[in-house]
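**Q** This is the structure, below, for whatever I ask next.
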Ligand SMILES: *[C@@H]1O[C@H](CO)[C@@H](O)[C@H](O)[C@H]1NC(C)=O
Ligand SMILES: *[C@@H]1O[C@H](CO)[C@@H](O)[C@H](O)[C@H]1NC(C)=O
Ligand SMILES: *[C@@H]1O[C@H](CO)[C@@H](O)[C@H](O)[C@H]1NC(C)=O
């Protein structure tokens with residue numbers, strides 16, 4: 027009973043000018059009351075626009091740009107398949123209207139959900155006193171609710187270890203300016219908590235491990251002074267050739 031009466035509601039709401047609906051969109055999976063269709067990354071969405079007038083020719087727009095349609099997919103009813111749904115399809119709006127009259131439109135917006143990418147294990151070797159930087163991919167839709175860093179199983183002590191943690195929405199970074207073996211060697215783990223409500227429950231924790239070793243400093247070949255030296259020698263000889271060439275050309279006149 028509730029199911030039967032609930033089903034037509036999204037269809038009516040997709041029609042923005044309500045008196046007479048010239049065009050209507052139905053979608054699989056269905057849209058919510060706000061005209062948002064939720065789909066998992068790499069999933070598929072089918073959108074069908076129908077015109078009230080049987081001879082009406084239809085036009086589809088994706089974010090305002092016309093979608094090219096085959097001739098047989100225009101009259102009275104027109105379907106679009108978005109498959110696979112990619113990151114760029116998130117928030118994309120699909121609008122349908124009659125080719126002869128653009129004043130009445132119907133639209134749906136896609137909500138492409140994806141979990142964070144943090145996974146696996148990585149070996150990281152850092153020299154004593156060098157910078158240690160660990161990156162954990164946490165980009166997700168909806169965004170992860172929290173990110174935690176541990177060292178040897180305990181929450182990273184930011185103050186004692188001189189760590190800084192930053193988060194730009196795509197990655198969480200754990201940073202140490204000067205690595206010290208006794209403070210910083212060990213097994214790190216970042217853990218992101220991701221949960222999603224609605225019809226696709228894939229909640230959980232996503233984590234990545236880092237096996238960090240702090241190595242002795244190696245004597246690096248002094249590259250920069252050497253490059254500077256080479257440049258000076260080259261410029262000096264170039265100058266010598268140029269000034270000499272001037273006298274040579276003078277002689278030839
Ligand atoms: C377009 O449709 C609207 C609403 O149905 C109507 O008021 C308007 O006159 C139509 N315009 C044209 C050019 O047919
Ligand atoms: C973490 O554990 C490893 C292996 O037991 C140990 O060598 C290292 O010193 C520990 N790191 C810290 C910061 O306690
Ligand atoms: C997309 O779907 C997720 C999961 O249901 C929800 O948390 C999020 O708010 C939705 N985003 C938009 C823009 O509707």
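In my numbering, the protein residues as written are 27 to 279. Note that CB positions come from ideal geometry on N, CA and C, so glycine has one too.
Just list the residues that DSSP pairs residue 7 with in beta bridges.
**A** No statement about residue 7 is possible, as the shown extent of the chain runs from 27 to 279 and does not include it.
**Q** On a Cα-Cα basis, can you pick out the residue from 84, 79 and 125 that is closest to residue 73?
**A** Within the chain shown, residue 73 is the residue found at index 47, counting from 1. Among 84, 79 and 125, the Cα nearest to that of residue 73 belongs to 84.
**Q** Considering only the beta carbon of each residue, do residue 131 and residue 62 sit closer than 8 Å?
**A** For the purposes of this step, residue 131 is taken as the residue at position 105 of the chain shown. For the purposes of this step, residue 62 is taken as the residue at position 36 of the chain shown. Taking 8 Å as the Cβ cut-off, residue 131 and residue 62 do not qualify as a contacting pair.
**Q** Take residue 9 and list the residues in its own chain whose beta-carbon comes closer than 6 Å to its own, dropping the five residues that flank it on each side.
**A** Summary: the structure shown does not reach residue 9, with the chain confined to residues 27 through 279, and so no result is reported for it.
**Q** Please find out if some non-hydrogen atom of ligand 2 comes closer than 7 Å to the beta-carbon of residue 211.
**A** For the purposes of this step, residue 211 is taken as the residue at position 185 of the chain shown. Yes, ligand 2 has a heavy atom inside 7 Å of this Cβ.
**Q** For residue 181, does the count of other Cβ atoms within 10 angstroms reach 16, so buried, or fall short, so exposed?
**A** Locating residue 181 in the chain shown gives position 155, where the first residue counts as 1. By the 10 Å Cβ count, residue 181 comes out exposed.
**Q** Please name the residue or residues paired with residue 136 in a DSSP beta bridge.
**A** Counted from its first residue, the chain shown places residue 136 at position 110. DSSP lists 63 as partners of residue 136.
**Q** Here's the rule I'm using: 16 or more other beta-carbon atoms within 10 Å means buried, otherwise exposed. How should residue 234 be labelled?
**A** The residue labelled residue 234 in the question sits at position 208 within the chain shown. Classification of residue 234: buried, given that the 10 Å Cβ count is 16 or more.
**Q** According to DSSP, residue 120 sits in a beta bridge with which residue or residues?
**A** The sequence position of residue 120 within the chain shown is 94, counting from 1. Beta-bridge pairing links residue 120 to 88 and 134.
**Q** According to DSSP, simplified to helix, strand and coil, what is residue 146?
**A** In the chain shown, the residue the question calls residue 146 occupies position 120. DSSP places residue 146 outside both helix and strand once states are collapsed to three, so it counts as coil.
**Q** Counting along the chain, where does the beta strand (DSSP E) carrying residue 157 start and finish?
**A** Here residue 157 corresponds to residue number 131 of the chain shown, with the count starting at 1. Segment: none, residue 157 is in no beta strand (DSSP E) and carries neither H nor E.
**Q** Check each residue's C-beta against every heavy atom of ligand 3 and list, in chain order, those closer than 7 Å.
**A** 62, 64, 117, 137, 139, 167, 168, 222, 223 and 224
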